[in-house]
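Enquirer: Using the working numbering, the letters of the sequence shown map in sequence onto residues 792 to 1774.
Below is a structure I'd like to ask you about.
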Amino acid sequence: MEKRSKRAQKYKVTYSSALPRVTSSTFAHSRRKGKTVKRRTGNVTQTDHTSRGSVWDSNFQIEDIWMPNFDPPEEVEGPTPPLITGTRRTGKASTSYTQQDFVNEWREHESTYLSILLDHETLPFGPCLCACGSGHTAEFVCDNCCGKASHCKQCILATHSRMPLHRIRKWNGNFLEVTSLSSLGLSISFGHGGNACPVARATHTLAAFHIDGFHTISVVFCHCESSPAPHFQLFNNKLFPASFDNPKTVFTFELLRQFRIHHLEGKGSAYSYINSLYRLTNDAGSLEIPGRVREFRRVARQWNYLQVLKHSGAYGSTSLISHMATECPACPRPGINIPENWREIIPGSLYYLIRCYVHFDANFRLVQLRRDARNPSDRALWIGGGFFADPEEYEDYLGVVDHEQQETSDCADHRATTLSTRTRFNRLEVTGVAGAVCRHECAIPQGFVNLYKGERYVNSDFAISHILRGMIGICEVIVSYDIACQYQRNFQTRFRQLPATLLLPLQLAIIFLIPKFHLPVHKEECRYKYSFNYAKKVGRTDGEAIERFWGSHNHLSGSTMRMTSGSRLDTLNFHFNDWNWRKTCKMGATLVERHLHAKEMKAEHETLLADLAVGIGEAKAEEWTRQEDEFVLQPGARSIYQPVTDNAPTRAQILQRLTQFDAPGMNEAVGQDHEQPALVFWVNDGIELEEAQARLRVHALTIDDGSTDRERIQLNRRRVSMLERVNAWKARAPDGVPEDAEEEYQDELPEYLPLALPSSLPPQNQNAILQDIERHLREGCAFDSLRALRKCLAERVALQREKDRNIRGQAANFRSQAAINRLQAEIKFVAGRYRAAYAALQSLGGDINPELAALADEDISAAKIFEYTRQLGRGYNNTLSWIWRQTGFGAQAGDDNWLEEVLRVQFLEAKVNRDRWSEECEMTMAELRLTRGTFQYKQQWWTDKALIADTEGAAAHARSMAAMYDVMAQQITQKIEAIVAVA
792 MEKRSKRAQK
802 YKVTYSSALP
812 RVTSSTFAHS
822 RRKGKTVKRR
832 TGNVTQTDHT
842 SRGSVWDSNF
852 QIEDIWMPNF
862 DPPEEVEGPT
872 PPLITGTRRT
882 GKASTSYTQQ
892 DFVNEWREHE
902 STYLSILLDH
912 ETLPFGPCLC
922 ACGSGHTAEF
932 VCDNCCGKAS
942 HCKQCILATH
952 SRMPLHRIRK
962 WNGNFLEVTS
972 LSSLGLSISF
982 GHGGNACPVA
992 RATHTLAAFH
1002 IDGFHTISVV
1012 FCHCESSPAP
1022 HFQLFNNKLF
1032 PASFDNPKTV
1042 FTFELLRQFR
1052 IHHLEGKGSA
1062 YSYINSLYRL
1072 TNDAGSLEIP
1082 GRVREFRRVA
1092 RQWNYLQVLK
1102 HSGAYGSTSL
1112 ISHMATECPA
1122 CPRPGINIPE
1132 NWREIIPGSL
1142 YYLIRCYVHF
1152 DANFRLVQLR
1162 RDARNPSDRA
1172 LWIGGGFFAD
1182 PEEYEDYLGV
1192 VDHEQQETSD
1202 CADHRATTLS
1212 TRTRFNRLEV
1222 TGVAGAVCRH
1232 ECAIPQGFVN
1242 LYKGERYVNS
1252 DFAISHILRG
1262 MIGICEVIVS
1272 YDIACQYQRN
1282 FQTRFRQLPA
1292 TLLLPLQLAI
1302 IFLIPKFHLP
1312 VHKEECRYKY
1322 SFNYAKKVGR
1332 TDGEAIERFW
1342 GSHNHLSGST
1352 MRMTSGSRLD
1362 TLNFHFNDWN
1372 WRKTCKMGAT
1382 LVERHLHAKE
1392 MKAEHETLLA
1402 DLAVGIGEAK
1412 AEEWTRQEDE
1422 FVLQPGARSI
1432 YQPVTDNAPT
1442 RAQILQRLTQ
1452 FDAPGMNEAV
1462 GQDHEQPALV
1472 FWVNDGIELE
1482 EAQARLRVHA
1492 LTIDDGSTDR
1502 ERIQLNRRRV
1512 SMLERVNAWK
1522 ARAPDGVPED
1532 AEEEYQDELP
1542 EYLPLALPSS
1552 LPPQNQNAIL
1562 QDIERHLREG
1572 CAFDSLRALR
1582 KCLAERVALQ
1592 REKDRNIRGQ
1602 AANFRSQAAI
1612 NRLQAEIKFV
1622 AGRYRAAYAA
1632 LQSLGGDINP
1642 ELAALADEDI
1652 SAAKIFEYTR
1662 QLGRGYNNTL
1672 SWIWRQTGFG
1682 AQAGDDNWLE
1692 EVLRVQFLEA
1702 KVNRDRWSEE
1712 CEMTMAELRL
1722 TRGTFQYKQQ
1732 WWTDKALIAD
1742 TEGAAAHARS
1752 MAAMYDVMAQ
1762 QITQKIEAIV
1772 AVA
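In structure tokens, the structure reads:
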């Protein structure tokens, strides 16, 4: 028996009522604060576990648990499939002159910049007479006007008669102090082109908020008989009043425009924005400025709503619009971007270009606290024309169906996503939002609803029915939902029970699929039946558009959760509408980019498929292609892309085959007589003992100075049991297996006792029959470990996703992370089991199954797991780690049904990748034409509106909108022509 490796240490243990004392004549490993520290302690070594449960840190070597007695042979490079990656866009070439170079150059002029800045704190030319010749001192300067000039009082008022919001400072002999035009006597007259009203009355002082802070202004209202009310006069002069009867506060249009973009882009709150205005006015806080946060919130909400009405054309008696929400320009809409009789024009083989896509999901971040929800007087401004379904209709619907019990899920892997019950729902009025976006990530109008008891079918039914009800003229819809496998069951039954107003359009075919990122956490059947990769005519759609949509709007949760119901609904509508508008403006560039990338990937995958067909053989390739064509014509049949069986052998199957007395050819496979089953069981028991020893070593690592007596007794009990099992196993050893020298291992802990398996013996002591038996069993063990590893990795993705999306609060996060840590520990243990099996196969010699390879740490790292799901979502699943893609080659298959099955699936996967990229090319080009059609329709729609507008202002605005859409349509036309020119 060879000596154990240097990595394994010798220990002595005494079993008694006292704690075991472990000794070593060499270095011992102690664990302190997540690190492994070597220290010489003489004859007594203590193992210090200051971080209990943190056994699997970055410094821990899995071989220390799995192979303490094994010296692996020289590393043999295992078969790993080549990584095939798509072309990625690179950014612009960086210049040699960096931003830091600019900073360094500026530092040379720093003192000059500072000197000039300080010069603005005094009169530009010192105390002097005004240039107007009046003989008055030029003691006033304006901070807003360009240049450096000082004026007398009369000149500063004359030059600012139309600029009452400029900031003025006056020289007091020592410094420039802040004053205002209003205090100097400037007032604004309304109603007569800036001239004083003949029946003018008293001057009114108003608090005005502008982009540079707070101002006090004086105004004189027109009081002619035909003059409008004062609040209308203010609004006509680009000042939005905070009240109506006797306005005292106004907000400038420029301020409201700036805040609107600030709020939409940065998700900044009204509170923080108003505070920034206070600081701009006086950063020291020495001035008394009226608090106007509540008024500003309300006015900003009204302003945003007016902008939506204006932009959508929902104004005047000649309004031609059905709702205010901005719709996706690339989705097909009969009568707008495609003819209403499109089915008579377009061949049936191209109907997939006129499909609609609904990517549906729930969001549990956009909640509403219970104490802030109830305000009967607060109603949303967006009623019936926004992205949320009508609230009153929704409440009536829930009053009828909300008592119905939720159907139970039978998708085992999906249950992993329900990490914990969310007790925080108890203090929430609204527990989230459910809604949908299209393939181009645009929010679908009328497709969002509030959730009150988590994600339930009754909520999804209402939202989806509203979406589908609006798809008049469309014959087929793809619905992407992360629980589609469960939701589609009894779908028709549930929808037939909906109110008559929610009935679906006739002849509307609905296809349910699961988003690609979510597929790994579903059971195997779902991963084929509901996959976008295997669905025909869907291009490279990933179904995850709703996740990207939610990711960009989760920042709103901090502010909207404390809003009243109406204000919250309006805020979400504003942001959803702006999201769609930004998508609309970028749609042309986005589709061109997708088309060019799809074209490139199509060429790559055509080459890959052709090469694979040559390697497999044309006959096999044609046969499998024909089988795929036949499968398409058999709805409901088992997916042809799914392996017929999991043909990779398990250890249990191999054990059963090797131990049959009546199995034909059994003796020829592993031996020559009926004593073989006993040998097989002996080797198998040894492998099981090896795993039990590894489990015990993990247990021992959790015992430290802080452990209780009960925990130490439990460890000793397991060690006694292990010692008895090892001795019994050695007693049954067949003839020829060398015996251990008793004195050599008498002081070993049971979990470190060597096992005389063939793979651990030197060549001169190895038995060919036992080697062959262990080789078969180790191969089955390796495949078992890979199955378990893939399952654990998928569950870890589900747990981490659930934690990131929905778990909030210290206690809930602690429980969630504890579950992830336990699963991560199991992942590392299973990986160690695979590595032990693979190392044993290398030691035994002979050919190793090509489906097995060396397992690197990066193949099972957390980053690799999420990279796997991202790649799967994007359709680059041919770049994944080998553990997800066990494949072979045609020449290796021969009569091996298992390898041939794997090869068949690999060929079909390559073919569907090629097909999906080909479809993506056609779909993106069609979407470009649909987008152009939408812009052309909008241009004509606004042109018609200008002709029948009620006012000249409305007509001018309509003409400007028509011109904008005309330019956008021309840009799309140029992009299409450029693509066609190089085709």
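No residue lacks a Cβ here, since even glycine has one placed at the ideal position from N, Cα and C.
Might you give, ordered along the chain, the residues of its own chain that have their beta carbon closer than 8 Å to the beta carbon of T1362, omitting 5 neighbours on each side?
Expert: These residues qualify, in order along the chain: R1092, L1347, S1350, T1351 and M1354.
Enquirer: How would you label Q1633, buried or exposed, when you count the other beta carbons within 10 angstroms and need 16 or more for buried?
Expert: Counting Cβ neighbours within 10 Å, Q1633 comes out buried, since at least 16 surround it.
Enquirer: For T970, report the span of its beta strand (DSSP E) as first-last.
Expert: Per DSSP, T970 belongs to the beta strand (DSSP E) from L967 to T970.
Enquirer: Could you check where the beta strand (DSSP E) with V932 kicks off and where it finishes?
Expert: Its beta strand (DSSP E) spans residues F931 to C933.
Enquirer: Quick check on G1175: does DSSP put it in helix, strand or coil?
Expert: In the structure shown, G1175 sits in coil (DSSP, three-state: anything other than H, G, I, E or B).
Enquirer: I'd like to know whether the C-beta atoms of E1267 and R1146 end up nearer to each other than 7 Å.
Expert: Yes, the Cβ-Cβ distance between E1267 and R1146 is below 7 Å.
Enquirer: DSSP state of V1773, grouped into three classes?
Expert: Here V1773 sits in coil by DSSP.
Enquirer: Which of helix, strand or coil does DSSP assign to S974?
Expert: Three-state DSSP puts S974 in coil, outside helix and strand.
Enquirer: Apply the 10 Å Cβ neighbour rule to S1576 and answer buried if 16 or more other Cβ atoms are within range, or exposed otherwise.
Expert: Buried, because 16 or more other Cβ atoms sit within 10 Å of the Cβ of S1576.
Enquirer: Consult DSSP for G1497 and reduce its assignment to one of helix, strand or coil.
Expert: Coil at G1497, not helix or strand.
Enquirer: Among the candidates E1713, C1583 and S1018, whose CA atom is the shortest distance from the CA of G982?
Expert: If we check each option's Cα against that of G982, S1018 comes out closest.
Enquirer: Assign Y1023 to one of two classes, buried (16 or more other C-beta atoms within 10 Å of its C-beta) or exposed (fewer than that).
Expert: The amino acid occupying residue 1023 in the given sequence is Phe; Tyr does not appear at that position. Exposed: under 16 other Cβ atoms inside 10 Å.
Enquirer: May I ask you to report which of helix, strand or coil DSSP gives A1645?
Expert: In the structure shown, A1645 sits in coil (DSSP, three-state: anything other than H, G, I, E or B).
Enquirer: In chain order, what residues of the same chain lie with their CB nearer than 7 Å to the CB of C946, ignoring the 5 residues before and after it?
Expert: These residues qualify, in order along the chain: C921 and C923.
Enquirer: Can you tell which of C1122, N1241 and R1170 has the C-alpha that lies nearest to the C-alpha of F1155?
Expert: Of the candidates C1122, N1241 and R1170, the one whose C-alpha sits nearest the C-alpha of F1155 is N1241.
Enquirer: Does DSSP put P989 in a helix, a strand or coil?
Expert: Three-state DSSP puts P989 in coil, outside helix and strand.
Enquirer: Leaving out the 5 sequence neighbours to the left and right, which residues in its chain are closer than 8 Å to Y1321 when beta-carbon positions are compared?
Expert: So the list reads A1275, C1276, F1303, L1304, I1305, L1310 and H1313, once near-sequence residues are dropped.
Enquirer: Return the chain-ordered list of same chain residues with a C-beta closer than 6 Å to the C-beta of H957, the five sequence neighbours on each side being excluded.
Expert: So the list reads C933, N935 and H951, once near-sequence residues are dropped.
Enquirer: DSSP three-state call for G1082: helix, strand or coil?
Expert: DSSP places G1082 in coil when its eight states are reduced to three.
Enquirer: Could you tell me whether the stretch 1038-1055 touches the stretch 967-976, using the rule of 3 or more Cβ pairs below 8 Å?
Expert: No, they do not touch.
Enquirer: For A991, which residues in the same chain have their Cβ closer than 8 Å to its Cβ, ignoring the five residues on either side in sequence?
Expert: Excluding positions up to five away in sequence, the list reads S980, V1011, F1012, C1013 and H1014.
Enquirer: In chain order, which continuous runs of the beta strand (DSSP E) of length 3 or greater are located wholly inside the stretch 1027-1083?
Expert: Here the runs fully enclosed are 1030-1032 and 1040-1043.
Enquirer: Please report how far the alpha carbon of L1403 lies from the alpha carbon of S1709, in whole angstroms.
Expert: So the two alpha carbons sit approximately 18 Å from each other.
Enquirer: Looking at C-alpha atoms only, which residue of R960, G1379 and H1366 is the closest neighbour of W1173?
Expert: Ranking the options by Cα distance to W1173, first place goes to H1366.
Enquirer: Evaluate the contact criterion for the stretch 1279-1296 versus the stretch 1247-1262: three or more CB pairs, one atom per stretch, below 8 Å.
Expert: Short answer: they touch.
Enquirer: Distance, Cα to Cα, D1420 vs Y1325?
Expert: Using only the alpha carbons, I get a separation of about 13 Å.
Enquirer: Whole angstroms is fine: what's the gap from N1281's alpha carbon to D1003's?
Expert: Roughly 59 Å separates the two Cα atoms.
Enquirer: From the DSSP output, in three-state form, read off H1001 for me.
Expert: Looking at H1001 - three-state DSSP - the assignment turns out to be strand.
Enquirer: What would DSSP say about P1468, mapped onto helix, strand or coil?
Expert: Note: P1468 maps to helix in three-state DSSP.
Enquirer: Would you kindly report the start and end of the unbroken alpha helix (DSSP H) that includes D1369?
Expert: Per DSSP, D1369 belongs to the alpha helix (DSSP H) from S1356 to I1407.
Enquirer: Any chance the stretch 1753-1765 sits against the stretch 1723-1737, with 3 or more Cβ pairs inside 8 Å?
Expert: The answer is yes - the stretch 1723-1737 touches the stretch 1753-1765, with three or more Cβ pairs under 8 Å.
Enquirer: Would you mind giving the Cβ-Cβ distance between H1396 and A1701, rounded to the nearest angstrom? I have them listed as a contact below 8 Å.
Expert: With a Cβ gap of about 7 Å, H1396 and A1701 count as contacting.
Enquirer: To the nearest angstrom, report how far apart K774 and L948 are at their CA atoms.
Expert: Residue 774 is absent from the structure shown; the chain starts at 792 and stops at 1774.
Enquirer: Quick check on this structure: which residue in K1327, N1345 and P989 has the alpha carbon closest to the alpha carbon of P1426?
Expert: Closest by alpha carbon: K1327.
Enquirer: Check whether the stretch 1167-1186 and the stretch 1376-1391 touch, using three or more Cβ-Cβ pairs below 8 Å as the test.
Expert: No: the two stretches stay apart, fewer than three of their Cβ pairs being nearer than 8 Å.
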